[in-house]
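Going by numbering that gives the first Met the number 0, 310 is the number at position 311 of the sequence shown; the sequence numbering is gapless. The beta-carbon is built from N, C-alpha and C at its ideal position, and this holds for glycine as well. It should be emphasised that the depicted structure is a prediction, and the values quoted were computed from it without experimental measurement.
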Amino acid sequence: MSLPPPSLHVVDPHGEGDAYISDLLGTTSQPEPVPEHLALNRSFNVLVLDLQGRVIRCNPLFLRAHGASPDEVIGRHLPDLGTLAGEGGQRPFQTVLETLAGGQSLTAELLRGNAAGERRWYHAVYTPVLNRHNQVHQVVEMSLDITDRVLRSSDAHRQLQAIGKANVVLEFALDGTLLRANARAQDLFGYTAEELRGRHHDLLLDAVARQAPEQDSFWQQLASGQCLGGEVRRVGKHGREVWLRALHVPLAGADGKVQRVVVYAMDVTAERLQQAEYHWHVAALHRSHCVMSFDRHGVVLDANQAMLDALGYTREETVGRHHRLFVEPAHAHSAEYAAFWRALEAGHDQSGQYRCIDKQGREVWLQASYSPIFDLAGGLAKVVEYASVVTAEKRRQAEQQGRLAAIHATQCVISFTLDGTILDANDNFLDAMGYRLPDVRGKHHSMFIDPPTALSPEYAAFWEALAHCEHQSGEYRRLGRDGREVWLRATYSPILDATGRATGVVKHATDVTEQRLRQADLQSQVEAIHKSQCVVTFSTDGRILDANTNFLKAVSYTQEELQGRHHRMLLDVSESESGTYAAFWDTLRSGHFLAGRYRRVGKDGRVVWLQASYNPIFDLKGKLWKIVKFATDVTADVAMAEAFEDAQRQTQHDSATSLPNRTRLASFMTSSLQGPGARLAVMYLDLDGFKPINDTYGHHVGDRVLGEVADRLRRTLKADQMVARVSGDEFVIAAPNLGEEAVEAHCIQVLEAMALPIHHDGGDLVVGVSIGVALSPSDGTTPDDLLRAADSALYQVKRHGGAGYRFFGAEINERIHANRQLTQDMRRGIAAGEFYLEFQPRFDASSQAIRCAEALVRWQHPELGRVGPDRFIPLAERNGMIVALGDWVLEEACRAAARWPDMGVSVNVSPVQFRDGKLIERIRQVLRRTGASPAQLEVEITEGVLMEDATRAAKALAELKALGIKLAIDDFGTGYSSLSYLRQFPFDVIKIDRQFISDIEHREGSRDIVKAILAMGKALGLSVTAEGVETAGQLRILVEDECAEVQGFLLSRPIREHLLEAMIQQHGLATSKGATARARATASSTDQTPRRIASVRTR
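Shown next as structure tokens:
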């Protein structure tokens, strides 16, 4: 409520002004007093004065406000009732009365006392009252108590004064021109007031920040009235970096428009420097802990992957949901849970072990801390939870530990008089120091410090500075009740009264004892490292900056001889010029840590071995600063280890051949046989014809022959296999996880290796080898059992003349003999014309018209009858005949294509054929001989071929494509099926493997896979064929899913060439627009006539 504006004067035309006054005082005798006058009487204190300033009358509200009776007020002069103040300071009441007597109204502020002894502030309006002769004969005072407003204004003024003394204050015009800077700002930036005034805000920015587009939007936001806060980087007079925690406040004028901007800021440069290492720790914490953030109401803002994994949710399922998602419903609606979030909203940390519920409803225990994060205005911005999963630990310790919940205090607060006497302290401070409030209240601050410090001049000066309104801050060592050392990071702030005088001191502090202890421990560790280890510091280009005594002693150099020299001086010349050494420094300069055992060369050429770590060190901006190496001289350990390894090797290796001996072999076989399903093949070898060589030429030649045999056997081994010499001319090969066929191939490889002569003294020496084979577990499960079985099989080989191999098991030997005979028959059968082709048509899925045909190779054996391709194709791949068979199929398929003007052929190329460097040239020659067009030929390969050597495969496929040949990927989905190679390689056709079609009616997963392949083919512009369609239900589903082409026994089995031609004449060929378009696109490089494709497989 406010007083009405002063009127120039009031006239009562019916008398001496008494009617107006009586209305104001509520004493009118008029039957109908003026309502406005009565309202003023009820709202304001009213006095009536004569022209000498004596009180004539007053209303009851005035008497109640001052606790007085009418007799104590009426007749007193105005100056006796209080002090008069105005905009110009104190003014004599006489001047006021003279102004009023002249007929002018005025306002004033008064300070008056009441009966209780209180002094109150009043805002008064003085109005002259004229009589009917138009003369001033009385004055009316109406006043309103404004004490609370004055006190609030005074308190705000004192707070601004305190902020101005403790903080940086800058004032700018809206265009960024600096209008004013307080002393704190001048000291911080190193400029005088004259150097700053009138300069643009850009003066305090570096060159990059001045050009940033954010600067324009920054000032636009401020001009719109928006407050901006945060930590900002500024530059002082000499380029010194200054970090401020600043609040930019737009100030509006009377018209409501922003006229200027005031910046209140704290210098946090030192804090930023101290926090650099802390930020590294925080980053590590986020990598190693579960982290989730919430808004002040508990709604999830974000979560790292560790937290999502712990609770079984995705980020999309958690962001925007409330924290109660992770707790039981009963607890989520409990008073305890509500209190938990109220405490966080109030800014209190919460920590302990918490029981959560994951997505599957399972119990998850987290050791967690919930930390409120505040914005620059001191408001709660968000809550961050750091946690570790302790479910297993909680279950183990449930009975002993129970429930843990601890509230960690964040600040200690204590207040003092100016002489250091304690007035009050909160629980946080008392807990930190180990006292109760009665123990400290009224005592001096010196009770927390040691006597020498309490008596020092510096301590006295500390309190004198606070009395002179100077803030004090820093880290202080204090003593708790039991003499325990307590470190506090504290700020001592003087409390000022309305006049700006200090009346007391308040201290805000954080207990940093543990942090100081950790820092002390870290420093001790660093000192211990420097005492016990070699330490060297390098620049980023590898120059030595410093080295400690331990390192100098290890390499026999002095500090002067090393400093400024490059690290390569400690290496051999060949190593220092290698690409590996250059990569070593590139890795360090990219910020990566390196560690290992390194060979270095000392001053005297002595080899020094160092177990070392190279550690990149970064500055506050994250830029690589230097590299520190910590190392231990392990030269003696390396020499000892080498000697031990040599002795160990001699006990487990044969001296003549350097091969493992029987002891090492037994150990290897034992470890290879461990574990469920372990398989081991043992090949026992005996040299044929070695004894005559040894007897004829002597032992030195015999040893040379054994060495050559050992080298040849080594070259047949894979990484997980071993060959050992077990006696004079006997060797054993142990090969884990090999099947019968692989063992047979290995035996053949050994026989071929040993068939080559050994050159000696201008002549050739020939030794053969006999091999006995045993397999686990069928022939034995222990090393001794397998060696005996292999030796027995070896004996049978020697009985039949040697120079061969034999398995211990009779069934295996029979199977090997049968395969050997079939291989011989296959070589004869190709030349004898026993192989022929059959064709299986491929159909349009909707119309079931023939689109193309696939040819399959068959073998009609003169004695065995028809031999299945599942038997002779793998045999051909193993014995090296697949290339010859594939060439025959290619030739016959192209001849068929030449006879079919509207159809072509597709040849399935085996991995062995594809690896043959002459494949492209052979295809070119076959096309030339048969007259078939390249556009009629389609080459099919399997996915595994691509993965063997992607670079070579891409080159070969590109050459085939350049000839105009189409490319198909066969059995898609059974191997490494990847979009990457569908994009990388120029395929035209995808053939879905039959295993996905066989259960498409019964397994939804198989249908989903087929749909995905169809969609992928459509997106990439590839034709898709479904193989193995055998039921009407399968065909129906494929038609529904828009598969264009199908093949299988449902529509046709493989048939001979003349039957296929008859089927085409009867049913015709499909002429779908899509099929024609695809054929035209494929044939465009060589033949513009659309053609249908027929496939030929070698299986």
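Between the C-alpha atoms of residue i and residue j, what's the straight-line distance to the nearest angstrom?
i, j, result
"R805", "V772", "6 Å"
"N113", "D79", "12 Å"
"G175", "S589", "40 Å"
"E707", "G697", "16 Å"
"M568", "H591", "23 Å"
"D687", "K797", "9 Å"
"C746", "Q795", "16 Å"
"S997", "K990", "14 Å"
"L96", "R41", "26 Å"
"R56", "L48", "7 Å"
"R819", "E810", "14 Å"
"D735", "H322", "According to the sequence provided, residue 735 is Pro. The question's Asp does not apply to it. If you take the alpha carbons of P735 and H322, they lie about 54 Å apart."
"K965", "A892", "15 Å"
"V534", "F583", "19 Å"
"H407", "F43", "Here H407 scores only 32 on pLDDT, less than 50, and its place in the model should not be relied on; the value that follows carries that caveat. Approximately 53 Å, taken between the alpha carbons."
"E1029", "R927", "38 Å"
"M668", "S726", "17 Å"
"G311", "G1004", "24 Å"
"Y475", "L422", "20 Å"
"V765", "V742", "24 Å"
"P493", "A501", "6 Å"
"L623", "N614", "11 Å"
"N1099", "R75", "Residue 1099 falls outside the range modelled here, since the chain spans only 0 to 1098, and no answer is possible."
"R703", "A655", "9 Å"
Would you mind stating whether residue i and residue j have Cβ atoms separated by less than 9 Å?
i, j, result
"V389", "Q359", "no"
"G803", "L874", "no"
"M291", "E384", "yes"
"W858", "R850", "no"
"F92", "L77", "yes"
"L46", "V139", "yes"
"E213", "V267", "no"
"S472", "T498", "no"
"L959", "R921", "no"
"V241", "E170", "no"
"V167", "D205", "no"
"R724", "P659", "yes"
Using 8 Å for Cβ pairs, my map puts residue i next to residue j. What's the rounded Cβ distance?
i, j, result
"V485", "S414", "V485 to S414, Cβ: 18 Å. No contact."
"G479", "M446", "About 10 Å; that fails the 8 Å criterion."
"A1132", "L195", "Since the first residue of the chain shown is 0 and the last is 1098, residue 1132 is not available in this structure."
"V731", "V681", "6 Å"
"L672", "T780", "7 Å"
"G601", "S555", "5 Å"
"R877", "A744", "7 Å"
"L570", "R599", "7 Å"
"E833", "H860", "7 Å"
"A123", "M141", "7 Å"
Taking 9 Å as the threshold (beta carbon to beta carbon), is residue i in contact with chain C?
i, result
"P840", "In the structure shown, chain C does not exist; there is a single protein chain."
Give a single yes or no on whether residue i has its beta carbon closer than 8 Å to a heavy atom of the ligand FAD.
i, result
"L863", "Questions concerning the ligand FAD fall outside what the structure shown contains, since it holds no ligand whatsoever."
Whole runs of the beta strand (DSSP E) within the segment 698 to 781, excluding any shorter than 3 residues: With a minimum length of 3 residues, the continuous beta strand (DSSP E) runs that stay inside the segment 698 to 781 are 721 to 726, 729 to 735, 757 to 759, 762 to 764, 767 to 774.
Is there contact between the segment 1044 to 1053 and the segment 831 to 842, where contact requires at least three CB pairs shorter than 8 Å? They touch, by the three-pair rule.
Between the segment 535 to 545 and the segment 461 to 474, can you find at least three pairs of beta-carbon atoms closer than 8 Å? They do not touch, by the three-pair rule.
Counting only runs of 4+ residues fully inside the segment 1026 to 1076, write out the alpha helix (DSSP H) ranges in chain order. Fully enclosed alpha helix (DSSP H) runs of 4 or longer: 1031 to 1039, 1056 to 1066.
Can at least three beta-carbon pairs, one atom from the segment 925 to 943 and one from the segment 895 to 906, be found at a separation below 8 Å? The segment 925 to 943 makes contact with the segment 895 to 906; the number of CB pairs closer than 8 Å reaches 3 or more.
Which parts of the segment 463 to 549 are runs of the beta strand (DSSP E), unbroken and 3 residues or longer, counting only runs that do not cross its ends? Counting only runs of 3 or more residues that sit fully inside the segment 463 to 549, the beta strand (DSSP E) segments are 471 to 478, 484 to 495, 501 to 510, 533 to 537, 543 to 546, in chain order.
Three CB pairs or more closer than 8 Å across the segment 875 to 892 and the segment 905 to 918: With the cut-off at 8 Å, the segment 875 to 892 and the segment 905 to 918 touch.
Check whether the segment 622 to 632 touches the segment 569 to 580, taking contact to mean three or more Cβ pairs, one atom from each stretch, closer than 8 Å. Put simply, the segment 622 to 632 does not touch the segment 569 to 580. Fewer than three CB pairs are less than 8 Å apart.
Using 8 Å as the cut-off, can you tell me whether the segment 1035 to 1042 makes contact with the segment 1000 to 1017, which would need three or more C-beta pairs spanning the two stretches below that distance? A contact is defined here as three or more CB-CB pairs under 8 Å, and the segment 1035 to 1042 meets this definition with respect to the segment 1000 to 1017.
With a floor of 4 residues, list each alpha helix (DSSP H) that falls wholly inside the segment 162 to 191, ordered by position along the chain. Uninterrupted alpha helix (DSSP H) stretches at least 4 residues long and entirely within the segment 162 to 191 occur at 182 to 188, given in chain order.
What are the start and end residues of each continuous beta strand (DSSP E) run of 3 or more residues lying completely inside the segment 916 to 1002, in chain order? If one requires a minimum length of 3 residues, the beta strand (DSSP E) runs lying completely within the segment 916 to 1002 are 936 to 941, 965 to 971, 988 to 991, in chain order.
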